[in-house]
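Asks:
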Amino acid sequence: EAETGEQRTARTMRDTEWETQTCIYGYPLQGAWGKHDDGCQLTNAARTHQGTVLSTVDTFGRMRLWRYPCIGADAACAEYRAHGGGCSNAVFLIDDQTLLTTGEL
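Just so you know, we're using full-length UniProt numbering here: the sequence shown kicks off at 1 and counts up by one.
1. Compare the C-alpha of T59 against each of G39, H49, P69, Q7 and name the closest.
2. Quick check on R67: does DSSP put it in helix, strand or coil?
3. Does the contact criterion of 3 or more C-beta pairs under 8 Å hold for the segment 29 to 36 versus the segment 64 to 75?
4. How should W18 be labelled, buried or exposed, when 16 other C-beta atoms within 10 angstroms of its C-beta is the threshold for buried?
5. Return the bridge partner residues of R11 from the DSSP annotation.
6. Can you tell me whether DSSP reads G103 as helix, strand or coil?
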């Protein structure tokens with residue numbers, strides 16, 4: 001709690017709606033960790049401003065697009081090779097039609 005400095009429990013924060021979704025951990029992203037977990041590390045998540053599509057990028061240079069929220073171990077995604085090395089970040093532009101990614105050296 002910002003006003004009192006009191007820590008909120010995960011239980012009270014579960015249904016909080018955030019303006020963006022960049023954290024790779026959270027209830028709406030649990031499907032990204034399901035059957036697609038092949039040893040890579042997710043490095044970033046990006047949700048469209050409309051809140052309907054989620055992108056994740058990983059250390060293998062892949063970018064995946066999911067329906068948001070991405071819940072369930074059998075969640076389907078479209079997978080693309082984004083970079084030769086790992087991907088470090090992704091962001092949707094304000095039009096939600098363009099996704100920018102950055103690679104790692």
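Idealized CB from N, CA, C, for every residue including glycine.
Replies: On the basis of the data shown:
1. Translated into the one-based positions of the sequence shown, residue 59 becomes position 59. Per the C-alpha coordinates, the member of G39, H49, P69, Q7 positioned closest to T59 is G39.
2. Here residue 67 is taken as the residue at index 67 of the sequence shown, counted from 1. Here R67 sits in strand by DSSP.
3. The segment 29 to 36 vs the segment 64 to 75: in contact.
4. Taking the sequence shown and counting its residues from 1, the one referred to as residue 18 is at position 18. W18 is exposed by the Cβ-count criterion.
5. Here residue 11 refers to the residue found at position 11 when the sequence shown is read from its first residue. In the DSSP assignment, no residue is bridged to R11.
6. Counting from 1 along the sequence shown, the entry for residue 103 is found at position 103. Here G103 sits in strand by DSSP.
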